[in-house]
Amino acid sequence: MDPNANNELPANAKPQGGILAAVLGAVTAILSIGAFHIVAEANDGFKNFLKLHEGVGPLSGKVVFGYIAGLVIFAIAFGLLHKKKRVNIVFLFFVLLTALMLGTLFVFTPFVKLLVD
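If you want this note's numbering, it's the 1-based position in the sequence shown plus 24.
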């Protein structure tokens, strides 16, 4: 008899909450970088604030602060969810894919110009 026949987890199933926490952190980082890009294009003061390295320009701040946001969310989510046994991996994949598409759109210059101008 199949132990998963009733959609039940086996007794020795490993927690999958870390996967959920990692995806939430990645989604946060991706969307934060896109949001920082849009705000930097709209506000020169914020753009100057994001210049952590003169050679790289505001991109350095967007990426650093986006990664920090993602790592903070990952740490919080991992602390809360690391023992969760069941995670819908397919749903998480589509959430991540949607975030990647939105993040790409948020740094796509013609789209940003539509929002800012």
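Where a beta carbon is used, it is the ideal one built from N, C-alpha and C, also for glycine.
Would you mind sorting residue i into buried or exposed? The rule is 16 or more other CB atoms within 10 Å of its CB.
i, result
"V114", "exposed"
"A66", "exposed"
According to DSSP, is residue i helix, strand or coil?
i, result
"G79", "coil"
"F132", "coil"
"M25", "Note that M25 scores a pLDDT of 46, beneath 50, so its modelled location is shaky; the value from the coordinates is reported in the next line. DSSP places M25 in coil when its eight states are reduced to three."
"K38", "coil"
Excluding the five sequence neighbours on either side, which residues of its own chain have a C-beta within less than 7 Å of the C-beta of residue i, listed in chain order?
i, result
"L120", "V47, A50 and V51"
"F70", "V63 and A64"
"G42", "F102 and H106"
"A123", "V51, I54 and L55"
What distance in whole Å lies between the Cβ atoms of residue j and residue i, which are believed to be in contact at a cut-off of 8 Å?
i, j, result
"L83", "G127", "Not confirmed; about 14 Å, so no contact."
"A93", "A53", "6 Å"
"F73", "G90", "Going by Cβ atoms, the distance from F73 to G90 rounds to 14 Å, so no, they are not a contact pair."
Which residues in the same chain have their Cβ closer than 8 Å to the Cβ of residue i, if we skip the five residues on either side of it in sequence?
i, result
"V131", "I57, G58 and H61"
"M25", "Reliability fails at M25, whose pLDDT of 46 lies under 50, so the model's placement of it is uncertain and the value that follows must be treated cautiously. Same-chain partners within the cutoff: there are none."
Taking 6 Å as the limit between beta carbons, can you name the residues of its chain near residue i, skipping five residues before and five after?
i, result
"A202", "Nothing about residue 202 can be read from this structure; the chain reaches only from 25 to 141."
- Task: Note down, one range per segment and in chain order, each alpha helix (DSSP H) of at least 4 residues found wholly within the segment 68 to 119.
- Result: 68 to 73 and 82 to 105
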